[in-house]
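Chemist: Dropping a structure here in structure tokens format, bear with me for questions.
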Amino acid sequence: MVNVTGEIEILKEAIKEHGALNTDGKSSVSYGILFDKTANTLEALNGTLRAAKRQKKITFDGELLMMPKDKDVQVVLLET
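Using our numbering, count along the sequence shown one by one with no gaps and you end on 87.
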């Protein structure tokens, strides 16, 4: 069984580590960077992104992000 809470924590840390503060003062990173940086730690990045978005921990435009067309979409951390 996948530990969704743990995977969301890994996702949040990756956004903080590899992203930058946006104009709202929130950590933000492009999907392309997130995809590259979490390839070895998060097996199902899209599943984790969707779960985190449902829990209002992150936000991004669209429902499902795909490489390479969505590589520049910003994934924004809503909570620290």
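Note that beta-carbon positions come from the ideal geometry of N, C-alpha and C, so glycine has one too.
Predicted, not measured: the structure shown is a model, and the values here were computed from it.
Between the Cα of Thr66 and the Cα atoms of Ile22, Leu49, Thr45, which residue gives the shortest distance?
Modeler: The residue labelled residue 66 in the question sits at position 59 within the sequence shown. Here the closest residue by C-alpha is Ile22.
Chemist: Quick one: residues in its chain with C-beta nearer than 6 Å to the C-beta of Thr45, no 5 flanking neighbours on either side, listed in chain order?
Modeler: As a first step, residue 45 is located in the sequence shown; it is residue number 38 there, counting from the start. Counting only Cβ-Cβ distances below 6 Å, and skipping sequence neighbours, we find Ala21, Leu52.
Chemist: Between which residues of its own chain and Asp68 is the CB-CB distance below 7 Å, once the five residues before and five after are set aside?
Modeler: Sequence index remark: in the sequence shown, residue 68 carries index 61 (1-based). Val80, listed in sequence order.
Chemist: In its own chain, which residues sit with a C-beta less than 8 Å from the C-beta of Leu84, not counting the 5 before and 5 after it?
Modeler: Here residue 84 corresponds to residue number 77 of the sequence shown, with the count starting at 1. Lys19, Ile22, Lys23, Gly26, Lys33, Ser34, Ser35, Lys64, Ile65.
Chemist: For Glu14, is the classification buried or exposed, using 16 other Cβ atoms within 10 angstroms of its Cβ as the cut-off for buried?
Modeler: Residue mapping note: residue 14 aligns to position 7 of the sequence shown, counting from 1. Buried: at least 16 other Cβ atoms inside 10 Å.
Chemist: How is Ala27 classed by DSSP in three states: helix, strand or coil?
Modeler: Against the sequence shown, residue 27 aligns to sequence position 20. In the three-state scheme derived from DSSP, where H, G and I count as helix and E and B as strand, Ala27 is classed as strand.
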